[in-house]
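If you're matching positions, the sequence shown starts at 39 in my numbering and goes up one per residue.
Here the structure comes first, spelled out in structure tokens, and everything after it is commentary.
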Amino acid sequence: IVGGNDTTRNTMSGSVYALNKFPEQYALLMADHGLVKNFVPEIIRWQTPLSYMRRTATRDCELAGKPIQKHDQLLMWYVSGNRDEDVFENGDALDIERHNANRHLSFGHGTHFCMGSRLAELQIRVLWEEILQRFEKIEVQEEPSRTLSSFVKGYTRLPVVVTRK
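In structure tokens, the structure reads:
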């Protein structure tokens, strides 16, 4: 059994970038480490490490009034679902107190739900618990260099300065 790890790694990097982009959220997290529990699904929602997933229709059907033929290729845009204003108020913003952060679609749904989801959440949670205990701040020094991909939302370079407590 194999699961991806680049998605978790990119979410970890993305979490540092996001908290620098939304410094008021970083201040909340620094003031209350208990918010890490909700920060994890919120950063997974906000970062959305995979942009989309492709599927093939196994039968003719209809979705929202649109016919879908057997063998049609379909794309599910995770990023669109995770920023849907009907589900996530102010969806483009990082909100570590968001009440429904765990409704994100980053791990997929149903039969194809990510088998490594709990491990990814655990790794991100432990990372931030340790960062908050050991460091006063992590400052992004410049905009990141992003992975050249329409599929993976990640970073190839994210320079930071880390200040110990």
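Glycine residues also receive a C-beta, built at the ideal position from the N, C-alpha and C atoms.
Open item on the list: Is it buried or exposed, His147, if we count other Cβ atoms within 10 angstroms and call 16 or more buried?
Closed with: exposed
TODO: Can you give me the start and stop residues for the alpha helix (DSSP H) that Pro105 sits inside?
DONE: For Pro105, there is no enclosing alpha helix (DSSP H); the enclosing beta strand (DSSP E) has its first and last residue at 104–106.
- [ ] Ignoring anything shorter than 3 residues or poking outside the region 110–168, list the beta strand (DSSP E) runs there in chain order.
- [x] 111–115
- [ ] Going by CA-CA distance only, name the one from His142, Asn58, Ala139, Gly42 that's closest to Val200.
- [x] It is Asn58 whose Cα lies nearest to the Cα of Val200.
Task: Closest by C-alpha distance to Phe126, when choosing among Arg83, Gly192, Ser188 - done: Arg83
Open item on the list: To the nearest angstrom, how far is the alpha carbon of Gly119 from that of Lys191?
Closed with: As the crow flies, the alpha-carbon of Gly119 is around 15 Å from that of Lys191.
TODO: Kindly list the residues whose CB is nearer than 7 Å to the CB of Leu196, restricted to its own chain and excluding five residues on each side of it in sequence; keep chain order.
DONE: Ser51, Val54, Tyr55, Val178, Pro182
Open item on the list: Please list the terminal residues of the continuous beta strand (DSSP E) segment that includes Leu66.
Closed with: Counting along the chain, Leu66 falls outside any beta strand (DSSP E), though it belongs to the alpha helix (DSSP H) covering 61–69.
TODO: Give the secondary structure of Thr194 by DSSP, where H, G and I count as helix, E and B as strand, and everything else as coil.
DONE: In the structure shown, Thr194 sits in a strand (DSSP, three-state: E or B).
Open item on the list: Would Thr46 and Pro87 be called neighbours here (beta carbons separated by less than 9 Å)?
Closed with: yes
- [ ] Compute the Euclidean distance between the alpha carbons of Arg108 and Val117, then round it to the nearest angstrom.
- [x] With the sequence shown as reference, residue 108 is identified as Lys, and Arg is not the correct amino acid for it. In a straight line, the C-alpha of Lys108 is about 25 Å away from that of Val117.
Task: Start-to-end residues for the beta strand (DSSP E) that takes in Lys175 - done: Looking at the DSSP string, the run of the beta strand (DSSP E) that includes Lys175 is 173–178.
TODO: Tell me Glu80's beta-bridge partners as DSSP assigns them.
DONE: Under DSSP, Glu80 takes part in no beta bridge, so it has no partner.
Task: Arg47 (DSSP reduced to helix, strand or coil) - done: helix
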